[in-house]
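Residue numbers (full-length UniProt numbering): 1 to 318.
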């Protein structure tokens, strides 16, 4: 009864109901919520605090930004089910919020696309500035092991480095990227290496050009910190994996290098194990191994998971 009272009190305001509806679509910064709602950031922050106090939302600070997401599913799911059951025709606020949210998404995507097109030629050099790539690549190879790969997908392939490394171990490989300039460089590189079993396609990481259960290994190498919706990207990767298929993610641990947002287009300042394992669970992925690689300006993490459906051991950490 206490949880119900707290939840209903928190939602006894139209703005907070609107915030909850927006967070169902994607995780948003407080500034982006203010932009969509057409309200001041201090006012939105007060509403967010009430939702967080009730367990319906959660805040996470990244540098100078604060991101807001849905809270504990145990508390949130019954509320969303009730709202869906009571839902009818969309009111004018819902229509307006949906349109403004689409504009926020478009702004994010345009900024990311502009950055990638402008930095494609120096992409590999930018990556090497942050961490010893040889160490990361060796750890990734060890994590994937010697298990044969029938169909490999490299999501956000960039200049095709992961395909260079792992396509020779697969019967076939597909690299996808939104940037035509990145793919142009990747094609040149793969042609030079003679990787006839690897193909490239321009596509979005949220809408992979593959059928369900088509791949048995997927890689996200330094991609998620550019993603607007990391959880959605992981769910889409899980969709194309067969039961038992492996997803290997290499990305940064949480950090406070705020300049990477403007200088290098990073949307997220790293990820915690708790965040990643939560996204795995929501996507039907069972975690297998986590590994921490230190020694560079930023700490790199590896997360390996399998699509649920076969016996798996406990998570290994290194």
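Every residue gets a Cβ at the ideal spot worked out from N, C-alpha and C, and that includes glycine.
Where residue i falls: helix, strand or coil (DSSP)
i	result
residue 156	coil
residue 104	helix
residue 257	coil
residue 240	helix
residue 11	coil
residue 303	strand
residue 1	coil
residue 291	strand
residue 38	coil
residue 245	strand
residue 280	helix
residue 92	helix
residue 146	coil
residue 139	helix
residue 76	helix
residue 132	coil
residue 267	coil
residue 45	helix
residue 23	helix
residue 298	coil
residue 262	helix
residue 84	helix
7 Å CB neighbourhood of residue i in its chain, flanking five on each side removed
i	result
residue 25	101
residue 225	251, 252, 266, 267, 268, 270
residue 44	30, 33, 34, 37
residue 40	34
residue 136	250, 293, 300
residue 81	none
residue 140	248, 250, 302
residue 1	none
residue 65	29
residue 202	177, 178, 180, 183
residue 16	10, 47, 50, 51
residue 22	28, 33, 36, 97, 101
residue 187	200
According to DSSP, residues forming a beta bridge with residue i
i	result
residue 57	70
residue 221	250
residue 151	172
residue 28	68
residue 286	306
Close-in-space but distant-in-sequence residues of the same chain around residue i (CB under 6 Å, 5 per side omitted)
i	result
residue 213	242
residue 235	283
residue 260	266
residue 313	Unreliable positioning characterises residue 313 in this predicted model, as indicated by a pLDDT of 43, which lies under 50. The coordinate reading is nonetheless provided below. None.
residue 79	7
residue 67	27, 29, 60
residue 227	233
residue 254	270, 272
Assumed close pair residue i, residue j - CB separation to whole angstroms, cut-off 8 Å
i	j	result
residue 277	residue 291	No, residue 277 and residue 291 are not in contact; Cβ-Cβ is about 14 Å, not under 8 Å.
residue 178	residue 154	Wrong, their Cβ atoms sit about 13 Å apart, outside the cutoff.
residue 198	residue 167	4 Å
residue 220	residue 156	6 Å
residue 189	residue 160	5 Å
residue 345	residue 195	Here the chain comprises residues numbered 1 to 318, so residue 345 is not present and cannot be evaluated.
residue 69	residue 289	Not quite, the Cβ-Cβ distance comes to about 25 Å (not below 8 Å), so this is no contact.
Any non-hydrogen atom of the ligand SAM within 7 Å of residue i CB
i	result
residue 250	With respect to the ligand SAM, the structure offers nothing, as it holds no ligand at all.
Same chain, Cβ closer than 8 Å to residue i, neighbours up to 5 away in sequence not counted
i	result
residue 93	14, 18
residue 75	3, 7, 54, 55, 56
residue 286	280, 305, 306, 307, 308, 312
residue 151	170, 171, 172, 173, 174, 214, 215, 216, 217
residue 206	229, 232, 233, 236
Original post:
At which residue ranges does the segment 162-236 contain complete alpha helix (DSSP H) runs of 4 or more residues, listed in the order of the chain?
Top reply: Counting only runs of 4+ residues, the alpha helix (DSSP H) found wholly inside the segment 162-236 occupies 180-193, in chain order.
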